[in-house]
Amino acid sequence: MTAAGAKALLNTLRLQGQLPFDWHPPNGYPDANAAWGNTNGLLNRWNFGLALGGNHIAGVTTDVDALTPGLKNPTATTLTDALGKRLLARGLTSADRGRVIQYVADGRPANAPIPATKIKTSVAGAIALLLDSPYFQWR
Amino acid sequence: MTPFTRRSFLRSAGLGLTLPAWFPRLAFAATPSSERDVLVCIFLRGGADGLNVVVPVGDAGYFQNRPTIGIPEPSGAAGSGVDLDGFFALHPALAPLKELWDEGVLAAVHATGSPDGTHSHFDAMDFMERGTPGSKSIPTGWIGRHLGSVATGNTSPFRAVGMGTILQASLRGPVPATALRSIAEFHLGGKTTQAADIARFQSGLAALYASQDWLDLQGQQTFQAIAALAHAATGSYQPQNGAQYPDTDFGHALTDVAQIAKADLGLEVACVDLGGWDTHATQGGATGRQAKVLAELAAGLAAFHADLADRMGRITVVTMSEFGRRVHENASGGTDHGHGNFMFLLGGGINGRQVYGDWPGLSPGQLASPGDLAITTDYRTVLAEIVDRRLKNPKLGDVFPGFTPPAYLGLARAA
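Taken in sequence, the protein lines are chains A and B.
The opening position of the first sequence corresponds to residue 25 in the working numbering, with each subsequent residue numbered one higher.
The opening position of the second sequence corresponds to residue 859 in the working numbering, with each subsequent residue numbered one higher.
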């Protein structure tokens, strides 16, 4: 991460209203889910997941290969399972696992190797979807 | 610190032409559709010093207690008060509001507030937003209960909007409210060329937020809000009638509220916050710290009124703060936490050009312990009149449980 990256991450915190020492009212940051679990917070967290997965944050690099060690010729299914295990540290329900696989497969067979030209976007999309899912948001 | 935001980038880039197609801009309906007023509730967070906002220059006790930070009597000289009625004067930084005062659309209430005596910001804000001073047994907010008790059949995600990064406690209740930091930033991110990818991602994500679980419901509300803003998209927003909003979070929030109100997206209530009022030290008088935030408030209200123009007949703006400040200034050139305070009311349905409420006086025997302006009007009496007459909700027992307002002050006309 570079200085520009740190700046971008600070801006992300600002958009979510969580910039350190930036709470204007003197009563301190709230600690109740009703205060934070709202449309604005959720949207900005979703966008952060998208940007992180897609490596769209200038100065911040996500080492996506490190998230899927040893995974060769991934399919939508194996990629979803490998990333799900790494990012969520708990299992998806079988229905939700199916939904993520369906998204990653993007119309292709779920158990066919993802074409080389599609690997990058598939991995980015899978990371973003898992980070943005309720599974990660509850963590 | 002024971070480089998407919004500031777009502004510096000259706006308009470079915006992607899915960028939200709102279509404007020609006429307001509701018979009820839109309520815009502005919370001045930190405990605004009302004695230096609507200044009781006619009370000799004021000048005795405020030897260095007192606002001089109206004299026409720079830095002197702006006369309202011979007894009260506006802080000079609020001069832009004098025109609205003279027009009869702006009123003030003084010596008002929450009857609970706490001097804690946290408790005072909490009580005020719940609408149940002294009690935290009811988890909802007064605006949330208002929305829950009036059946408008309105299911828009923009029925209740809280501007900012977190949702105001007053909006908590049975009707989900949308927290909106800014219209311009309310969409899933990506490049124009990726619009199809973003749509596919959004539907993939929506499938994971399909249950009735609390977080999933928040997700559904967010998708609805994204869709509503995208659906109404057209042209960039230009405030009307030369309105110039301050280039601050508060100014941007009011701009967005104006935009949503004009777009007829079903807006009934909006909450906006303005901080910076906790002036324990170096508060200043006619100029200084408090003057700066007052200027921001005045510029915002004046711009909002100019921008909404004819629509102000169906909009009521109300300001409040958790408590006022100590009558006597402290040794640091500031004021400490107090009790009684002011409220502003702005709108076409307001009987303006008047300071409402009984003035309790600032002599030692007239103060509330330990040296605060006494409260002669419960803030709920003010809000009850607005809820009843302008929001046309007679169920005041639901909105303010356990509170029966005495006679109204007569500050609002029946809508």
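Cβ atoms here follow ideal geometry from the backbone N, Cα and C, with glycine treated the same way.
**Item:** Classification of L107(A) by the beta-carbon crowding that lies within 10 angstroms, buried from 16 upward
**Value:** Its Cβ being crowded by 16 or more others within 10 Å, L107(A) is buried.
**Asked** Taking the alpha-carbon positions, what's the D1131(B) to V913(B) distance?
**Response** A straight line joining the alpha-carbon of D1131(B) with that of V913(B) spans about 23 Å.
**Request:** Quick one: give me the first and last residue of the alpha helix (DSSP H) that I1001(B) is part of.
**Result:** I1001(B) -> alpha helix (DSSP H) spans W1000 to S1007.
**Request:** Determine, using beta carbons only, whether E1126(B) and V896(B) come nearer to each other than 8 Å.
**Result:** Judged by beta-carbon spacing, V896(B) lies within the 8 Å limit of E1126(B), meaning their Cβ atoms are closer than that value.
**Asked** Using a Cβ-Cβ distance under 8 Å, would D1136(B) count as near chain A?
**Response** Yes, its Cβ sits closer than 8 Å to a Cβ of chain A.
**As assigned by DSSP and simplified to three states, the class of S1179(B)** = Assignment of S1179(B) by DSSP, reduced to helix, strand and coil, places it in the strand class.
**Request:** For T101(A), go through chain B and note every residue whose CB falls closer than 7 Å to its CB, in chain order.
**Result:** By Cβ distance, chain B contributes nothing, its closest Cβ being about 15 Å from T101(A), past 7 Å.
**Prompt:** If we count Cβ pairs, one from each stretch, closer than 8 Å, do we get three or more for the region 1056–1064 of chain B versus the region 1014–1021 of chain B?
**Reply:** By the Cβ criterion, the region 1056–1064 of chain B is not in contact with the region 1014–1021 of chain B, since fewer than three pairs of Cβ atoms, one from each stretch, lie closer than 8 Å.
**Asked** Does DSSP put M1201(B) in a helix, in a strand, or in coil?
**Response** Looking at M1201(B) - three-state DSSP - the assignment turns out to be strand.
**Request:** Note the first and the last residue of the continuous alpha helix (DSSP H) segment covering V128(A).
**Result:** For V128(A), the uninterrupted alpha helix (DSSP H) segment begins and ends at S118 to A129.
**Prompt:** With 8 Å set as the bound, which would you pick, yes or no: does the beta-carbon of V1074(B) sit closer than that to a beta-carbon of chain A?
**Reply:** It is worth fixing the name first, because residue 1074(B) is Asp in this sequence and not Val. Output row for D1074(B): interface = yes.
**Request:** At 8 Å on the CB atoms, spell out the chain A contacts of A1037(B), in chain order.
**Result:** Annotation: Cβ neighbours of A1037(B) in chain A (cutoff 8 Å, chain order): N62, T63, N64 and G65.
**Extent of the continuous alpha helix (DSSP H) to which M1021(B) belongs** = Looking at the DSSP string, M1021(B) is not in any alpha helix (DSSP H); the run it does join, the beta strand (DSSP E), is A1018 to M1021.
**Message:** Would G94(A) pass as an interface residue toward chain B - the criterion being a Cβ-Cβ separation below 8 Å?
**Reply:** No - not a single Cβ of chain B is within 8 Å of the one on G94(A).
**Prompt:** Alpha carbon to alpha carbon, how far is W880(B) from Y1103(B)?
**Reply:** Residue confidence is low: W880(B) scores 42 on pLDDT, short of 50, so the model does not pin down where it sits. No coordinate-derived value is stated.
**Asked** Do the CB positions of G1191(B) and D1230(B) come within less than 8 Å of each other?
**Response** Cβ distance not < 8 Å, so G1191(B) and D1230(B) don't count as in contact.
**Message:** Let me check understanding here. Comparing Cα to Cα, which of D1216(B), W1217(B) and F1202(B) lies closest to G1210(B)?
**Reply:** The shortest C-alpha to C-alpha distance from G1210(B) to any of D1216(B), W1217(B) and F1202(B) is the one to F1202(B).
**Request:** Specify the secondary structure class of A1226(B) as computed by DSSP and reduced to three states.
**Result:** Residue state, collapsed to three classes: strand.
**Asked** Thinking just about the alpha-carbon of each residue, which of L1029(B), V915(B) and H1163(B) is nearest to the one in C1129(B)?
**Response** Looking from the CA of C1129(B), the closest CA among L1029(B), V915(B) and H1163(B) belongs to L1029(B).
**Item:** Delimiting residues of the beta strand (DSSP E) encompassing V1115(B)
**Value:** Looking at the DSSP string, V1115(B) is not in any beta strand (DSSP E); the run it does join, the alpha helix (DSSP H), is D1107 to K1120.
**Asked** Using the beta-carbon count (16 or more within 10 Å), is A32(A) buried or exposed?
**Response** Result: buried.
**Request:** Leaving aside the five residues before and after K956(B) along the sequence, list all residues of the same chain whose C-beta is less than 7 Å from its C-beta, in chain order.
**Result:** Closer than 7 Å at Cβ, skipping near neighbours: V940 and L948.
**Sub-8 Å separation of I1273(B) and E987(B) beta-carbons** = The sequence shown places Ala at residue 1273(B), rather than the Ile named in the question. Not a contact, by the Cβ cut-off of 8 Å.
**Request:** Would you list, in chain order, the members of the region 111–122 of chain A that have their beta-carbon closer than 8 Å to a beta-carbon of chain B?
**Result:** Across the region 111–122 of chain A, CB contacts with chain B closer than 8 Å involve D120, in sequence order along the chain.
**Prompt:** If you measure from the beta carbon of P158(A) to each beta carbon in chain B, is any gap under 8 Å?
**Reply:** With respect to chain B, the C-beta atom of P158(A) has a partner C-beta closer than 8 Å.
**Request:** Answer with buried or exposed for S157(A), where buried requires no fewer than 16 other C-beta atoms within 10 angstroms of its C-beta.
**Result:** By the beta-carbon neighbour count (other beta carbons within 10 angstroms, threshold 16), S157(A) is buried.
**Short CB-CB distance (under 8 Å) between I929(B) and chain A** = The beta-carbon of I929(B) is placed no less than 8 Å from the nearest beta-carbon of chain A.
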